[in-house]
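Protein chains in written order, with numbering that gives the first Met the number 0: chain L, 0 to 324; chain R, 0 to 324.
Number of protein chains: 2
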Amino acid sequence: MIRIGIYGYGNLGKGAEAAIKKNSDMELVAVFTRRNPKDLVIATEGAEVVASSDILKYKDKIDVLVLAGGSATDLPKMTPMLVENFNVIDSFDTHANIPAHFKNVNEAALKSGHVGFISCGWDPGMFSLNRAIMNAILPDGKDYTFWGKGVSQGHSDAIRRIEGVIDARQYTIPVEEALEAVRSGKNPVLTTREKHKRECFVVAEDPKEYERIEREIKEMPNYFSDYDTTVHFISQEELKKNHNGIPHGGFVIRSGETSNGVNHVIEYSLKLDSNPEFTGSVLIAYARAVYRMAKRGEVGAKTVFDVAPKDIQTVSYEDLLAHTL
Amino acid sequence: MIRIGIYGYGNLGKGAEAAIKKNSDMELVAVFTRRNPKDLVIATEGAEVVASSDILKYKDKIDVLVLAGGSATDLPKMTPMLVENFNVIDSFDTHANIPAHFKNVNEAALKSGHVGFISCGWDPGMFSLNRAIMNAILPDGKDYTFWGKGVSQGHSDAIRRIEGVIDARQYTIPVEEALEAVRSGKNPVLTTREKHKRECFVVAEDPKEYERIEREIKEMPNYFSDYDTTVHFISQEELKKNHNGIPHGGFVIRSGETSNGVNHVIEYSLKLDSNPEFTGSVLIAYARAVYRMAKRGEVGAKTVFDVAPKDIQTVSYEDLLAHTL
Numbered sequence: 000m001i002r003i004g005i006y007g008y009g010n011l012g013k014g015a016e017a018a019i020k021k022n023s024d025m026e027l028v029a030v031f032t033r034r035n036p037k038d039l040v041i042a043t044e045g046a047e048v049v050a051s052s053d054i055l056k057y058k059d060k061i062d063v064l065v066l067a068g069g070s071a072t073d074l075p076k077m078t079p080m081l082v083e084n085f086n087v088i089d090s091f092d093t094h095a096n097i098p099a100h101f102k103n104v105n106e107a108a109l110k111s112g113h114v115g116f117i118s119c120g121w122d123p124g125m126f127s128l129n130r131a132i133m134n135a136i137l138p139d140g141k142d143y144t145f146w147g148k149g150v151s152q153g154h155s156d157a158i159r160r161i162e163g164v165i166d167a168r169q170y171t172i173p174v175e176e177a178l179e180a181v182r183s184g185k186n187p188v189l190t191t192r193e194k195h196k197r198e199c200f201v202v203a204e205d206p207k208e209y210e211r212i213e214r215e216i217k218e219m220p221n222y223f224s225d226y227d228t229t230v231h232f233i234s235q236e237e238l239k240k241n242h243n244g245i246p247h248g249g250f251v252i253r254s255g256e257t258s259n260g261v262n263h264v265i266e267y268s269l270k271l272d273s274n275p276e277f278t279g280s281v282l283i284a285y286a287r288a289v290y291r292m293a294k295r296g297e298v299g300a301k302t303v304f305d306v307a308p309k310d311i312q313t314v315s316y317e318d319l320l321a322h323t324l
Numbered sequence: 000m001i002r003i004g005i006y007g008y009g010n011l012g013k014g015a016e017a018a019i020k021k022n023s024d025m026e027l028v029a030v031f032t033r034r035n036p037k038d039l040v041i042a043t044e045g046a047e048v049v050a051s052s053d054i055l056k057y058k059d060k061i062d063v064l065v066l067a068g069g070s071a072t073d074l075p076k077m078t079p080m081l082v083e084n085f086n087v088i089d090s091f092d093t094h095a096n097i098p099a100h101f102k103n104v105n106e107a108a109l110k111s112g113h114v115g116f117i118s119c120g121w122d123p124g125m126f127s128l129n130r131a132i133m134n135a136i137l138p139d140g141k142d143y144t145f146w147g148k149g150v151s152q153g154h155s156d157a158i159r160r161i162e163g164v165i166d167a168r169q170y171t172i173p174v175e176e177a178l179e180a181v182r183s184g185k186n187p188v189l190t191t192r193e194k195h196k197r198e199c200f201v202v203a204e205d206p207k208e209y210e211r212i213e214r215e216i217k218e219m220p221n222y223f224s225d226y227d228t229t230v231h232f233i234s235q236e237e238l239k240k241n242h243n244g245i246p247h248g249g250f251v252i253r254s255g256e257t258s259n260g261v262n263h264v265i266e267y268s269l270k271l272d273s274n275p276e277f278t279g280s281v282l283i284a285y286a287r288a289v290y291r292m293a294k295r296g297e298v299g300a301k302t303v304f305d306v307a308p309k310d311i312q313t314v315s316y317e318d319l320l321a322h323t324l
């Protein structure tokens with residue numbers, strides 16, 4: 000059994016916990032929390048809830064520690080710190096800061112002799128993996144990434160900060176015509192507006208404010224002004240009933256030529272009922288690779304680019320040859 | 000430069016040759032042929048055309064030998080034989096015989112100290128890779144593979160063997176309703192007939208024979224009788240004009256739950272203008288991994304399951320972190 004710890008018990012931590020239940024070679028040893036452990040009820044019988052300050056007591060009881068923290072402030076400190084004593088895996092997703100994060104984790108991991116796996120999930124993660132493989136196979140081509148239909152937490156938060164808004168949910172939606180143009184192999188040049196549109200469901204105090212709120216949303220720079228944005232005002236009850244999930248997904252498409260006029264389109268897509276549960280499932284599959292790499296004596300920072308597919312499998316290599324190849 | 004040899008110069012050999020031109024870290028040293036080398040004109044200036052009987056003279060001049068032979072009779076003998084003196088890669092695609100082929104190649108490769116990479120292409124190959132990763136991420140789910148729209152050489156040949164048929168081209172086409180049912184996450188149970196249909200373009204000598212030929216096609220066991228099959232009689236000119244390409248493609252879809260009622264759909268698809276050119280491109284990308292594995296001293300039979308994505312890249316790991324992850 001691979002002994003897993005989960006550090007943090009928000010949506011992602013719960014997603015990782017759900018994923019462990021689907022993998023019979025894994026067991027959840029403990030959830031570590033910055034809250035009072037007594038206030039936390041987890042979904043796994045037999046697993047402990049432990050104060051994060053007590054984590055070093057679990058140094059020899061955990062094979063891989065899943066870090067379910069946020070990328071903005073948690074993981075940049077948390078991953079280098081915890082890799083001093085554990086093999087860890089995180090879902091660090093601030094793309095621009097990945098090289099710096101890799102460097103910090105790598106230094107600490109090399110020093111302590113652990114594996115520090117970073118930026119695992121679907122983007123970064125599965126989307127990155129597919130982009131890398133597609134590029135190697137079709138070097139003469141063009142990449143496209145579309146996100147959605149899915150909830151953007153950042154955009155939902157931005158709407159909530161507008162005066163008079165009680166609650167909001169924002170969906171990022173890929174534009175179907177753009178997807179079709181890419182799939183046709185035409186290699187179109189697409190603007191931000193042509194690729195995605197944004198749909199907002201907003202609960203506001205006063206109907207007299209609707210017009211102002213809608214205008215403030217649509218004109219918000221970076222978040223909305225470059226997109227075709229639709230705003231719907233609904234009741235808190237309706238928001239709770241119809242927009243309570245955290246679905247997401249997207250498309251990575253590469254279109255390229257192998258000789259003059261001979262074109263190929265490779266497409267990878269995800270349609271996810273729950274963004275954190277899927278991300279948790281990717282983390283848990285790659286935690287298996289972390290375990291195996293550490294057992295072989297590999298150390299340092301790692302990413303999806305370092306993992307041979309056989310290292311995330313529960314089935315034997317012989318089974319893969321007979322049934323999957 | 001990675002020095003490549005191509006063994007066999009049919010459609011697949013030509014596809015591999017085209018792929019080498021798109022990869023600046025590779026050069027084609029020689030094409031080996033069982034025909035008279037003087038009769039063969041290849042598309043690469045500076046590369047040699049050599050009789051296959053002279054191949055041992057190239058033992059130190061080639062890093063990876065791409066085996067562009069057929070799976071029925073060529074590769075089962077060719078791959079174990081050539082791995083005695085070369086690092087090789089093949090596209091062996093008789094799924095049921097992969098474990099036996101792997102065993103034969105592995106024994107010969109271990110004995111000689113080479114890498115023998117087998118079953119590379121898109122199915123087996125990219126489809127297998129995606130099936131393996133999808134299964135690891137969503138262990139509680141169901142796989143679906145659809146092929147097409149594309150030309151099936153075996154089915155076209157079967158039609159050509161019917162009396163009175165001059166030429167024929169058969170397309171395998173996935174049934175759109177079945178694809179949609181799978182994408183919806185309903186995990187449908189689908190019969191052979193529900194998954195694919197077959198469309199045949201036939202050139203026949205005598206219009207009075209059309210009815211009999213159409214009946215013989217539609218009733219042919221294994222090939223057509225389990226499918227909804229459409230037959231069109233056309234002229235040789237029309238066949239040549241509109242059905243001269245070798246397009247193919249397909250879909251691998253996995254649909255699975257991470258917790259009760261929370262479903263996810265992962266889809267990988269290919270739309271290929273030329274089956275052999277795409278297969279050649281996959282072979283050439285993985286030839287890079289063969290080269291690197293051999294340089295590291297790895298030996299034995301290998302498949303796509305053994306390759307970390309970084310090993311098929313031309314760009315540096317730092318570039319991958321900064322731009323692809």
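Glycine included, every Cβ here is placed at the ideal spot set by N, Cα and C.
Could you work out which residues of chain L lie near residue i, taking near to mean beta carbons separated by less than 8 Å?
i      : result
R/E317 : P98
Which residues in chain L have a C-beta closer than 9 Å to the C-beta of residue i? List them in chain order.
i      : result
R/L269 : H263, V264, I265, E266
Please list the partners that residue i has in chain L, where partner means a Cβ-to-Cβ separation under 7 Å.
i      : result
R/K309 : F304, D305
R/E276 : T257, S258, V261
Would you mind giving the Cβ-Cβ distance between residue i and residue j, rounded to the nearest angstrom? I have them listed as a contact below 8 Å.
i      : j      : result
L/V63  : L/V289 : 5 Å
L/H113 : L/F85  : 6 Å
L/L238 : L/R168 : 6 Å
R/R33  : R/M133 : Contact flag wrong, Cβ pair sits at about 40 Å.
L/V82  : L/S111 : 6 Å
L/P123 : L/I97  : 7 Å
R/S273 : R/I245 : 6 Å
R/T190 : R/L11  : Not quite, the Cβ-Cβ distance comes to about 32 Å (not below 8 Å), so this is no contact.
Check residue i in the structure and name its three-state DSSP category.
i      : result
R/D89  : strand
R/T278 : helix
L/G120 : coil
R/V314 : coil
L/Y143 : strand
R/T72  : coil
L/L55  : helix
R/R160 : coil
L/A222 : Checking the displayed sequence, the identity of residue 222 of chain L turns out to be Tyr instead of Ala. Here L/Y222 sits in coil by DSSP.
L/R253 : strand
R/T171 : strand
L/H242 : coil
L/K301 : strand
R/R197 : strand
L/D272 : coil
R/S183 : coil
R/I61  : coil
R/I283 : helix
Within its chain, find whatever has a CB closer than 6 Å to the CB of residue i; leave out the 5 residues flanking it on each side and keep chain order.
i      : result
L/A17  : E276
L/S151 : Q169, T171
Suppose the cutoff is 8 Å on Cβ atoms and the five residues either side in sequence are ignored; what does the same chain contact list for residue i look like?
i      : result
R/S268 : G248, G249, F250, V251
R/I1   : D24, M25, E26, D62, V63, A286, R287, Y290
L/N262 : G184, S254, G255, E256
L/D227 : R192, K196, R197
L/S224 : K217, E218
Skipping 5 residues on each side, what residues in its chain have a beta carbon closer than 7 Å to that of residue i?
i      : result
L/V174 : E193, K194, H195, K196
R/A46  : L27, V28, A29, V30
R/A284 : I311
L/E297 : V114
L/N35  : none
L/F101 : I117, A300
R/R211 : none
Can you pull the chain R residues whose beta carbon is under 9 Å from the beta carbon of residue i, in chain order?
i     : result
L/K21 : L137, P138, D139, G255, E256, T257, S258
If I follow the unbroken alpha helix (DSSP H) through residue i, where does it start and stop?
i      : result
R/M25  : Here R/M25 belongs to no alpha helix (DSSP H); instead the beta strand (DSSP E) covers 25-32.
R/F232 : Unbroken run through R/F232 is the beta strand (DSSP E), 227-232; no alpha helix (DSSP H).
L/G12  : 10-20
R/R295 : Note, R/R295: premise wrong, no alpha helix (DSSP H); not H, not E.
Over what stretch of residues does the beta strand (DSSP E) that includes residue i continue unbroken?
i      : result
R/I136 : R/I136 -> not in any beta strand (DSSP E); alpha helix (DSSP H) instead, spanning 125-136.
L/E47  : 47-50
L/N105 : Counting along the chain, L/N105 falls outside any beta strand (DSSP E), though it belongs to the alpha helix (DSSP H) covering 97-111.
Can you pull the chain R residues whose beta carbon is under 8 Å from the beta carbon of residue i, in chain order?
i      : result
L/P123 : L324
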